[in-house]
Amino acid sequence: MSSSHAHHHEHAAGGHSHGHAHAHIHHASPTAPGRLRARERKLLLAFVLTTAMMVGEVAGGLWSGSLALLADAGHMLVDSLALLLAFLGAWLALRPADARRTYGYGRLEVLAGFVNALTQFVLVGFIAFEAISRLRAPVEILSGPMLAVALVGLLVNVVVLRTLHDHAHDDVNLAGASLHVLGDLLGSVAAVMAALVVRWLGWNWADPVLSLLVSLLILNSAWQLLRRSTHILLEGVPEGMNPDEVAAALREADAVIRDVHHLHVWQLASGSRMATLHAELHDPARAAQALHAIRQLLNERFGIQHVTVQIDPEDCPDRAGSCGGHGHP
Numbered sequence: 095m096s097s098s099h100a101h102h103h104e105h106a107a108g109g110h111s112h113g114h115a116h117a118h119i120h121h122a123s124p125t126a127p128g129r130l131r132a133r134e135r136k137l138l139l140a141f142v143l144t145t146a147m148m149v150g151e152v153a154g155g156l157w158s159g160s161l162a163l164l165a166d167a168g169h170m171l172v173d174s175l176a177l178l179l180a181f182l183g184a185w186l187a188l189r190p191a192d193a194r195r196t197y198g199y200g201r202l203e204v205l206a207g208f209v210n211a212l213t214q215f216v217l218v219g220f221i222a223f224e225a226i227s228r229l230r231a232p233v234e235i236l237s238g239p240m241l242a243v244a245l246v247g248l249l250v251n252v253v254v255l256r257t258l259h260d261h262a263h264d265d266v267n268l269a270g271a272s273l274h275v276l277g278d279l280l281g282s283v284a285a286v287m288a289a290l291v292v293r294w295l296g297w298n299w300a301d302p303v304l305s306l307l308v309s310l311l312i313l314n315s316a317w318q319l320l321r322r323s324t325h326i327l328l329e330g331v332p333e334g335m336n337p338d339e340v341a342a343a344l345r346e347a348d349a350v351i352r353d354v355h356h357l358h359v360w361q362l363a364s365g366s367r368m369a370t371l372h373a374e375l376h377d378p379a380r381a382a383q384a385l386h387a388i389r390q391l392l393n394e395r396f397g398i399q400h401v402t403v404q405i406d407p408e409d410c411p412d413r414a415g416s417c418g419g420h421g422h423p
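Pasting the structure below:
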């Protein structure tokens with residue numbers, strides 16, 4: 095269900111008279127409360143399972159004397175904290191807008207994804223340091239208990255990753271959480287392989303070598319997530335969208351539209367696109383018709399749900415450069 099409203103008023107500005115008309119469109123989006131609650135449950139389940147597995151790996155490592163399992167438990171401790179951060183981000187994002195944050199708290203999810211990406215870089219550094227230390231001084235591993243615990247960890251991580259994977263492609267918070275779980279999954283695979291190699295071939299160096307390979311995979315994914323979340327936090331244009339193409343389409347949206355400028359397109363959070371623009375009309379009396387055409391095109395063709403439009407009945411005075419912070423497409 096969508097709703098819209100528009101208002102028009104005149105005032106003098108620098109000797110020019112121009113009107114403002116604002117059209118706001120609100121649709122059910124990926125950050126709607128119902129879906130967020132589903133994501134909250136997924137993140138909470140992932141946190142509980144990961145924490146339980148971490149405790150199991152600590153117990154298994156102490157029982158078998160395996161430093162590899164204890165190191166992986168440290169890995170899962172970082173990931174448990176990351177999942178908790180992601181859960182809190184989704185939970186706080188449910189809070190409604192208030193007088194201080196009129197856009198609400200949805201961007202906390204993006205911030206959580208950003209922090210998760212940063213923690214992965216720290217984790218990769220830790221893995222690399224431990225791997226180099228073990229290559230220099232191989233550690234004796236009891237492969238039997240290590241293999242059993244690693245297999246259980248692998249199963250748990252598969253369950254958690256499947257739980258989070260549904261919407262991770264369009265949500266940087268879930269993507270961040272999934273990235274940590276993927277790191278756990280790859281770590282469990284490496285632990286299983288290392289346990290088998292140590293058990294059957296006696297190659298203790300296999301564990302640190304596999305850990306280094308896993309860290310390289312995590313590093314690439316962490317960099318991609320960091321780029322995505324930073325782009326949103328910097329009010330970047332949504333991926334795959336060209337502002338010039340949007341402006342050109344708007345100029346053709348209705349015959350009454352003479353020109354479109356000062357166009358800004360950004361994302362409040364993943365999947366929540368917004369836009370502001372100035373429009374000049376051939377006939378200012380047909381502002382309502384222009385607003386309808388603009389918001390319909392932006393929503394249907396570009397997926398922009400929230401639009402603010404300023405209608406200029408005369409040439410826009412801001413073209414002279416008096417509108418600080420506004421660019422020209």
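When you read off a place in the sequence shown, starting at 1, and then add 94, the result is the number in this note's numbering. Using N, Cα and C, we set each Cβ at its ideal position, and we do this for glycine too.
CA-to-CA distance, alanine 206 to tyrosine 52, given in whole angstroms: In the structure as shown, the chain starts at 95 and stops at 423, and residue 52 therefore has no counterpart that could be examined.
message: Looking only at its chain, what residues have a beta carbon closer than 7 Å to the beta carbon of valine 243, apart from the 5 residues adjacent to it on each side?
response: Excluding sequence neighbours, valine 243 sits near Gly150, Glu151, Gly154, Leu163.
- request: Report the rounded CA-to-CA distance for aspartate 377 versus proline 190, giving the unit in angstroms.
  value: Their Cα atoms are separated by approximately 39 Å.
Cross-strand partners of threonine 370 (DSSP beta bridge): According to DSSP, which records beta bridges pairwise, threonine 370 is partnered with His358, Thr402.
- request: Grab the span of the alpha helix (DSSP H) containing histidine 386 for me, first residue to last.
  value: Taken as a continuous stretch (DSSP letters only), the alpha helix (DSSP H) holding histidine 386 covers 381-396.
- prompt: Roughly how many angstroms lie between the CA atoms of leucine 293 and serine 237, to the nearest whole one?
  reply: Going by the sequence as given, residue 293 is arginine instead of leucine. When only Cα atoms are considered, arginine 293 and serine 237 end up about 5 Å apart.
- prompt: Do you know how far the Cα of isoleucine 405 is from the Cα of histidine 121?
  reply: Bear in mind that a pLDDT of 38 at histidine 121, under 50, signals an unreliable position, so the number given afterwards is only what the model happens to contain. Straight-line Cα distance between these residues: approximately 23 Å.
task: Starting from glutamate 346, trace the alpha helix (DSSP H) both ways and give me its first and last residue.
output: Element bounds for glutamate 346: n/a, residue is neither H nor E.
- prompt: How is alanine 167 classed by DSSP in three states: helix, strand or coil?
  reply: Correct three-state label for alanine 167: helix.
query: What's the call for asparagine 314, buried or exposed, on a 16-neighbour Cβ count within 10 Å?
result: Around the beta carbon of asparagine 314, fewer than 16 other beta carbons lie within 10 angstroms, which makes this residue exposed.
message: Any contact between the stretch 295-304 and the stretch 314-330? By contact I mean 3 or more CB pairs, one from each, below 8 Å.
response: Touching, no.
- request: Kindly list the residues whose CB is nearer than 6 Å to the CB of arginine 228, restricted to its own chain and excluding five residues on each side of it in sequence; keep chain order.
  value: The residues are Pro302.
- request: Pair every Cβ in the stretch 381-397 with every Cβ in the stretch 337-350, then say whether three or more of these pairs are closer than 8 Å.
  value: Output reads yes: the stretch 337-350 touches the stretch 381-397.
message: Please state whether the Cβ-Cβ distance between glycine 270 and isoleucine 312 is less than 8 Å.
response: No, these two residues do not count as a Cβ contact at 8 Å.
task: Give the DSSP bridge partners of aspartate 192, in chain order.
output: The bridge partners DSSP lists for aspartate 192 come to none.
Member of Phe223, Ala381, Ile398, Ala180 whose CA lies at the smallest distance from the CA of methionine 335: Of the listed residues, the one whose Cα sits closest to methionine 335 is Ile398.
Start-to-end residues for the alpha helix (DSSP H) that takes in arginine 230: DSSP places arginine 230 inside the alpha helix (DSSP H), whose first and last residues are 202-230.
Pick from Trp157, Leu279, Thr402, Ala231 that is closest to alanine 140, judged by C-alpha positions: Considering only Trp157, Leu279, Thr402, Ala231, the residue with the shortest C-alpha distance to alanine 140 is Leu279.
query: Can you tell me whether DSSP reads leucine 375 as helix, strand or coil?
result: Strand at leucine 375.
- request: Using beta-carbon positions only, say whether leucine 258 and leucine 248 come within less than 8 Å of one another.
  value: No.
message: For the alpha helix (DSSP H) containing asparagine 314, name the first residue and the last one.
response: Run containing asparagine 314: 300-327, per the alpha helix (DSSP H) assignment.
task: Below 6 Å CB to CB, which residues in the same chain sit around alanine 363 once its five sequence neighbours on both sides are set aside?
output: The residues are Thr125, Gly200, Arg201, Glu203, Val204.
query: Does the separation of the CB atoms of alanine 341 and valine 331 fall below 8 Å?
result: No, the Cβ-Cβ distance between alanine 341 and valine 331 is not below 8 Å.
message: For arginine 367 and valine 291, what's the separation of their Cα atoms in angstroms?
response: Cα to Cα, the separation comes out at about 50 Å.
field: Through-space distance from histidine 372 to valine 218, alpha-carbon basis
entry: Rounded to the nearest whole angstrom, the CA to CA distance from valine 218 to histidine 372 is 47 Å.
task: Could you tell me if isoleucine 226 is buried or exposed, where buried requires 16 or more neighbouring beta carbons within 10 angstroms of its beta carbon?
output: Isoleucine 226 is exposed by the Cβ-count criterion.
query: Considering only C-alpha positions, which residue in the set Pro239, Met170, Leu179, Val142 is nearest to phenylalanine 220?
result: Nearest of Pro239, Met170, Leu179, Val142 to phenylalanine 220, Cα basis: Met170.
- prompt: Around the C-beta of glycine 296, are 16 or more other C-beta atoms found within 10 angstroms, so that it is buried, or is it exposed?
  reply: Per the 10 Å Cβ criterion, exposed.
query: If you run the structure through DSSP and keep just helix, strand and coil, what is histidine 121?
result: Low local confidence applies: a pLDDT of 38 at histidine 121 is under 50, so the model's placement there is unreliable, and no value is given.
field: Candidates Leu156, Gly281, Ala146: closest to proline 239 by CA position
entry: Closest by C-alpha distance to proline 239, out of Leu156, Gly281, Ala146, is Leu156.
query: CA-CA distance, phenylalanine 396 and leucine 212?
result: Spanning the alpha carbons of phenylalanine 396 and leucine 212 requires a straight line of approximately 31 Å.
message: Our contact map puts asparagine 251 next to valine 275 with C-beta atoms below 8 Å; I'd like the distance itself, whole angstroms only.
response: Sure, about 6 Å apart at Cβ, within 8 Å.
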